[in-house]
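In my numbering, the protein residues as written are 6 to 116.
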């Protein structure tokens, strides 16, 4: 039986605002690449980055908890004009952060 995936703990934020700016930009590019560039992608990326930044400023370092906070708070966001939803956005945030840390986040050796 496979071992469960352990939690990933980020280093405490030294500049949560800078992390949020990076996340907003990176997520916007990911959203635009995934389907088609849409103006709503800017708003989605901004909102997700705001949630992430606030959580980091409050001392949250667990990536799983950060993802769950984004899922929970993005449920109130109106995704009607988008191809995305709160789970896709939160998963993209997780993937972007893992990639920035050099963590291979592909399942089962997929490339």
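Each residue gets a CB set at the ideal place from its N, CA and C atoms; glycine is no exception.
Jot down the residue ranges of each uninterrupted alpha helix (DSSP H) in the stretch 25-77, minimum 4 residues, whole runs only, in chain order. 44-62
So residue 99 is in the alpha helix (DSSP H); what residue range does that whole segment cover? Position 94 of the chain shown, counted from the first residue, corresponds to residue 99. From DSSP, the alpha helix (DSSP H) with residue 99 extends over 91-105.
Are residue 67 and residue 12 touching if we call contact CB-CB under 8 Å? Your numbering for residue 67 matches position 62 in the chain shown. Your numbering for residue 12 matches position 7 in the chain shown. Yes.
Does the beta-carbon of residue 38 have 16 or more other beta-carbons within 10 angstroms, so that it is buried, or is it exposed? To locate residue 38, count along the chain shown from 1; it is residue 33. When all chains shown are included, residue 38 counts as exposed.
Where residue 58 and residue 98 are concerned, what is the direct C-alpha to C-alpha distance, given to the nearest angstrom? As a working note, residue 58 is residue 53 in the chain shown. As a working note, residue 98 is residue 93 in the chain shown. Cα to Cα, the separation comes out at about 12 Å.
Could you check if residue 113 is buried or exposed, using at least 16 other CB atoms within 10 Å of its CB as the buried criterion? Here residue 113 refers to the residue found at position 108 of the chain shown. Unreliable positioning characterises residue 113 in this predicted model, as indicated by a pLDDT of 47, which lies under 50. The coordinate reading is nonetheless provided below. Exposed.
To the nearest angstrom, how far is the alpha carbon of residue 41 from that of residue 86? Residue mapping note: residue 41 aligns to position 36 of the chain shown, counting from 1. Residue mapping note: residue 86 aligns to position 81 of the chain shown, counting from 1. Computed Cα separation, rounded: 12 Å.
Going by DSSP, what residues sit across from residue 14 in a beta bridge? To locate residue 14, count along the chain shown from 1; it is residue 9. 67.
When you compare each of 104, 90 and 109 to residue 28 by their alpha carbons, which one comes out closest? Sequence index remark: in the chain shown, residue 28 carries index 23 (1-based). Minimum Cα distance to residue 28 is reached at 104.
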